[in-house]
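> Going down the list, the protein sequences come from chains A and B. 1 is the number of the first residue of the first sequence in the working numbering; add one for each residue after it. 202 is the number of the first residue of the second sequence in the working numbering; add one for each residue after it. No residue lacks a Cβ here, since even glycine has one placed at the ideal position from N, Cα and C.
Protein chains: 2
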Amino acid sequence: MAKRPTDRRVQRTRQLLQDALIAMLIEKGYAATTVQDIIDRANVGRATFYAHFADKETLLASRIEDLRAMLTQEQKRALATPGGVPERSLGFSLAMLEHARGHLPLYAAIVGRESGAFVLQRIHRLIADLVGFDLKALAIKGPAALHDLAQEYIAGAFMAVLTWWLDHGAKLPPQEVDGIFRRLAMQGVAAELGLRPAAKG
Amino acid sequence: MAKRPTDRRVQRTRQLLQDALIAMLIEKGYAATTVQDIIDRANVGRATFYAHFADKETLLASRIEDLRAMLTQEQKRALATPGGVPERSLGFSLAMLEHARGHLPLYAAIVGRESGAFVLQRIHRLIADLVGFDLKALAIKGPAALHDLAQEYIAGAFMAVLTWWLDHGAKLPPQEVDGIFRRLAMQGVAAELGLRPAAKG
DNA sequence: GTGACCTCCGAACACATTGTTCGTTACTTG
DNA sequence: CAAGTAACGAACAATGTGTTCGGAGGTCAC
């Protein structure tokens with residue numbers, strides 16, 4: 001996937017910039033962060049930044065791809081149950097909630113700032129992809145369009161739950177939030193798309 | 202609420218700017234639209250713009266408040282059923298879908314552009330408020346936190362459905378999308394928060 | 001180690017956008 | 001009609017973007 005850059009300077013620079021982005025995200029939020037902020041924080045030349053990333057957005061995307069990789073792996077683990085039965089649908093949910101709790105300042109900053117919308121939108125796409133993968137693994141009837149719709153429905157709902165949870169200080173334990181979300185979501189989907197409402201908690 | 206400006210020049214200018222914003226939203230999306238674009242389109246002086254609105258965002262907000270007013274009124278109508286029974290929960294849903302179909306180019310532009318995230322976030326808040334109002338009107342058990350969570354859950358899910366629908370050309374009739382959404386949402390909420398699962402489209 | 005190569009630096013640049021100012025012109029209201 | 005007020009428009013400083021370049025210095029392959 002990601003081609004390994006051989007030159008250590010490249011690795012170092014990319015890492016510095018990515019770290020600096022995260023730091024600024026926490027400090028000022030995405031929209032308020034300028035390229036100047038990032039390169040100052042990273043202590044990297046301006047030209048160097050543009051040698052690696054086309055703009056702020058591309059840099060952000062590189063980080064989100066890392067998140068995607070992690071969640072995808074976690075989802076695979078959740079789906080691969082011994083009996084072949086999808087015991088635990090919506091497997092990304094708990095993983096993401098726990099990842100969020102493990103990086104609370106970052107997530108809180110993304111979600112708390114009103115300008116985090118752009119970042120959240122990218123994460124929404126990531127979640128929707130995972131949900132699509134998940135729904136495909138379930139025995140689901142219904143036309144493809146309804147499939148798509150349910151996918152977006154669940155992704156949107158999850159993003160909202162995640163946002164709410166973070167906005168309220170992430171007080172409830174991830175397991176609990178995960179449980180509520182999965183029940184809220186699966187009830188409707190099971191009824192509308194017709195699959196057995198197993199996979200609770 | 203909104204104080205009526207007496208001077209016709211004021212009314213005219215504000216209207217021109219609001220219309221120009223909509224036009225630019227359709228043409229380039231929110232993020233790509235500059236104040237310069239707006240005042241060029243409106244054929245209004247730069248200083249004049251800033252005499253009326255602090256920035257692009259404020260101008261947008263003024264439009265969204267109009268939308269809020271419309272949907273609130275529509276919701277009241279849906280809630281005020283003769284028997285006093287909340288026959289039709291989530292009353293904003295159909296109204297919004299139909300409003301979207303009536304302003305398809307605008308909605309498609311907001312939703313289709315990746316930079317529409319900011320606008321969508323504002324609309325999410327609007328929807329969440331309406332949902333809160335709606336949930337309050339239902340006989341719902343459960344702690345306040347769960348209330349809040351459900352509110353965000355539903356708002357997020359609706360935004361996702363709306364986005365999906367628009368992204369796919371708004372082919373399905375609003376009534377159908379409304380029905381699917383309400384069933385998806387109410388099943389889970391009814392089960393989790395404990396209320397009779399009446400109110401099926 | 002050494003040489004060839006590549007990356008980074010840093011400063012400057014043109015360009016776009018923002019939000020403000022102010023004197024002048026022109027419209028609106030009472 | 002006269003006083004008040006809004007709009008014009010041109011200029012301004014401030015900030016941010018993305019690009020360019022030669023030269024300095026680190027890195028890899030041998």
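Using only the alpha-carbon positions, how far apart do Leu79 of chain A and Leu130 of chain A sit?
In the first sequence, the residue the question calls residue 79 of chain A occupies position 79. In the first sequence, the residue the question calls residue 130 of chain A occupies position 130. Cα-Cα distance, rounded: 11 Å.
> So, is Lys56 of chain A buried or exposed, given that buried needs 16 or more other C-beta atoms within 10 angstroms?
For the purposes of this step, residue 56 of chain A is taken as residue 56 along the first sequence, with counting starting at 1. Result: buried.
> Taking the alpha-carbon of Pro173 of chain A as reference, which of A:Glu98, A:Asp7, A:Glu114 and A:Ala185 has the nearest alpha-carbon?
For this step, residue 173 of chain A is matched to residue 173 along the first sequence. Of the candidates A:Glu98, A:Asp7, A:Glu114 and A:Ala185, the one whose C-alpha sits nearest the C-alpha of Pro173 of chain A is A:Glu98.
> Is there a Cβ of chain A sitting closer than 8 Å to that of Asp220 of chain B, yes or no?
Your numbering for residue 220 of chain B matches position 19 in the second sequence. Cβ-Cβ to chain A under 8 Å: no for Asp220 of chain B.
> Could you say which of A:His168, A:Gln73 and A:Phe118 lies nearest to Gly91 of chain A if we only look at CA atoms?
Along the first sequence, read from residue 1 onward, the residue named residue 91 of chain A stands at position 91. Comparing Cα-Cα distances from Gly91 of chain A to each of A:His168, A:Gln73 and A:Phe118, the minimum goes to A:Gln73.
> Output the distance between the C-alpha atoms of Thr13 of chain A and Ala20 of chain A, rounded to the nearest integer angstrom.
Within the first sequence, numbered from 1, the residue matching residue 13 of chain A stands at position 13. Within the first sequence, numbered from 1, the residue matching residue 20 of chain A stands at position 20. So the two alpha carbons sit approximately 10 Å from each other.
> Glu266 of chain B touches chain A at which residues, Cβ-Cβ below 9 Å?
The residue you call residue 266 of chain B lines up with position 65 of the second sequence. Within 9 Å Cβ-Cβ: nothing; Glu266 of chain B doesn't reach chain A, min ~16 Å.
> I'd like the span of the alpha helix (DSSP H) that includes Phe382 of chain B, first residue to last.
To locate residue 382 of chain B, count along the second sequence from 1; it is residue 181. That run of the alpha helix (DSSP H) goes Pro375 to Leu394.
> Verify the CB distance criterion: does Leu385 of chain B have a CB-CB separation below 8 Å to chain A?
Taking the first residue of the second sequence as position 1, residue 385 of chain B is located at position 184. Yes, its Cβ sits closer than 8 Å to a Cβ of chain A.
> Among the residues of its own chain, which have a CB less than 6 Å from the CB of Val85 of chain A, if the five just before and after it don't count?
Reading the first sequence from its first residue, position 85 is the one you call residue 85 of chain A. Residue placement at Val85 of chain A is flagged as unreliable, the pLDDT there being 45, under the threshold of 50; a coordinate-derived value is accordingly withheld.
> If you draw a straight line from the alpha carbon of Leu321 of chain B to that of Thr259 of chain B, how long is it in whole angstroms?
Reading the second sequence from its first residue, position 120 is the one you call residue 321 of chain B. Reading the second sequence from its first residue, position 58 is the one you call residue 259 of chain B. If I take the Cα positions, the gap works out to 15 Å.
> Quick one: what does DSSP say Ala170 of chain A is sitting in, helix, strand or coil?
The residue you call residue 170 of chain A lines up with position 170 of the first sequence. Looking at Ala170 of chain A - three-state DSSP - the assignment turns out to be coil, as it is neither helix nor strand.
> So the candidates are B:Leu295, B:His348, B:Lys372 and B:Gly313; which of them puts its Cα closest to the Cα of Leu272 of chain B?
By one-based count along the second sequence, residue 272 of chain B stands at place 71. Out of B:Leu295, B:His348, B:Lys372 and B:Gly313, B:Leu295 has the C-alpha closest to the C-alpha of Leu272 of chain B.
> Nearest chain A C-beta to Leu272 of chain B closer than 8 Å, yes or no?
Along the second sequence, one-based indexing puts residue 272 of chain B at 71. Not an interface residue.
> For Leu336 of chain B, which residues from the same chain have a beta carbon less than 7 Å from its beta carbon, with the 5 sequence-adjacent residues on both sides left out?
Along the second sequence, one-based indexing puts residue 336 of chain B at 135. Hits under 7 Å: His348, Ala351 and Gln352.
> Does Pro86 of chain A get closer than 8 Å to chain B when you measure Cβ to Cβ?
Translated into positions along the first sequence, residue 86 of chain A becomes position 86. Caution is warranted here: a pLDDT of 48 is assigned to Pro86 of chain A, below 50, making its placement in the model unreliable, and the coordinate value is therefore given only provisionally. For Pro86 of chain A, the answer is no, since every Cβ of chain B falls outside 8 Å of its Cβ.
> Between A:Gln187, A:Asp7, A:Gly188 and A:Ala170, which has its C-alpha nearest His103 of chain A's C-alpha?
Stepping through the first sequence from its first residue, residue 103 of chain A is reached at position 103. Ranking A:Gln187, A:Asp7, A:Gly188 and A:Ala170 by Cα distance to His103 of chain A puts A:Ala170 first.
> Please classify Ala232 of chain B: does DSSP put it in a helix, a strand, or coil?
The count along the second sequence starts at 1 and reaches residue 232 of chain B at position 31. If DSSP states are grouped into helix, strand and coil, Ala232 of chain B belongs with coil.
> Within 8 Å (strictly less), CB to CB, does Val245 of chain B reach chain A?
The sequence position of residue 245 of chain B within the second sequence is 44, counting from 1. It does not: the Cβ of Val245 of chain B has no partner Cβ on chain A nearer than 8 Å.
> Below 8 Å on the Cβ atoms is my guess for Leu394 of chain B versus Glu192 of chain A; work out the distance and round it to an integer in Å.
By 1-based counting over the second sequence, the position of residue 394 of chain B is 193. By 1-based counting over the first sequence, the position of residue 192 of chain A is 192. Contact doesn't hold; Cβ gap of about 18 Å is too wide.
> Can the beta-carbon of Phe53 of chain A be found closer than 8 Å to that of Leu106 of chain A?
To locate residue 53 of chain A, count along the first sequence from 1; it is residue 53. To locate residue 106 of chain A, count along the first sequence from 1; it is residue 106. No, these two residues do not count as a Cβ contact at 8 Å.
> Short check: CB of Gly156 of chain A to CB of Gly333 of chain B, under 8 Å?
As a first step, residue 156 of chain A is located in the first sequence; it is residue number 156 there, counting from the start. As a first step, residue 333 of chain B is located in the second sequence; it is residue number 132 there, counting from the start. Their beta carbons are not under 8 Å apart, which means Gly156 of chain A does not touch Gly333 of chain B by this criterion.
> I'd like to know if Val131 of chain A contacts chain B, where contact means its C-beta is closer than 8 Å to some C-beta of that chain.
As a first step, residue 131 of chain A must be located in the first sequence, where it is residue number 131. Not an interface residue.
> Compare the C-beta of Ile32 of chain A against all C-beta atoms of chain B and say whether one is closer than 8 Å.
As a first step, residue 32 of chain A must be located in the first sequence, where it is residue number 32. Strictly speaking, residue 32 of chain A in this sequence is Ala, with Ile absent from that position. False, the Cβ-Cβ gap to chain B never drops below 8 Å.
> Using a cut-off of 9 Å between C-beta atoms, extract the partners of Leu134 of chain A located in chain B.
In the first sequence, residue 134 of chain A corresponds to position 134, counting from 1. For clarity, residue 134 of chain A is Asp in the given sequence; the question names Leu instead. Chain B residues near Asp134 of chain A: none, gap ~15 Å exceeds 9 Å.
> So Ala180 of chain B is in the alpha helix (DSSP H); what residue range does that whole segment cover?
Because chain B is modelled from 202 through 402, residue 180 of chain B falls outside the range shown and cannot be assessed.
> Measure the C-alpha to C-alpha separation of Gln11 of chain A and Tyr251 of chain B and round it to an integer number of angstroms.
As a working note, residue 11 of chain A is residue 11 in the first sequence. As a working note, residue 251 of chain B is residue 50 in the second sequence. In a straight line, the C-alpha of Gln11 of chain A is about 46 Å away from that of Tyr251 of chain B.
> If we call anything under 8 Å between Cβ atoms a contact, is Ile26 of chain A one with Ile123 of chain A?
Numbered from 1 along the first sequence, position 26 holds the residue referred to as residue 26 of chain A. Numbered from 1 along the first sequence, position 123 holds the residue referred to as residue 123 of chain A. No; because the gap between Cβ atoms is not below 8 Å, this pair is not in contact.
> Does Gly303 of chain B come out as helix, strand or coil in the three-state DSSP assignment?
Within the second sequence, residue 303 of chain B is the residue found at index 102, counting from 1. Three-state result, Gly303 of chain B: helix.
> Return the first residue and the last residue of the alpha helix (DSSP H) that Ala69 of chain A is part of.
By one-based count along the first sequence, residue 69 of chain A stands at place 69. From DSSP, the alpha helix (DSSP H) with Ala69 of chain A extends over Lys56 to Leu79.
> If you check the beta carbons only, do Arg242 of chain B and Ala224 of chain B fall under 8 Å apart?
The residue labelled residue 242 of chain B in the question sits at position 41 within the second sequence. The residue labelled residue 224 of chain B in the question sits at position 23 within the second sequence. Yes. Within cutoff.
> With 8 Å as the threshold, decide whether the Cβ of Phe92 of chain A is near any Cβ in chain B.
Here residue 92 of chain A refers to the residue found at position 92 when the first sequence is read from its first residue. Cβ-Cβ to chain B under 8 Å: no for Phe92 of chain A.
> Can you name, in chain order, every residue of its own chain whose Cβ lies under 6 Å from the Cβ of Asp379 of chain B, other than the five neighbours on each side?
For this step, residue 379 of chain B is matched to residue 178 along the second sequence. Excluding positions up to five away in sequence, the list reads Ser294, Leu295 and Leu298.
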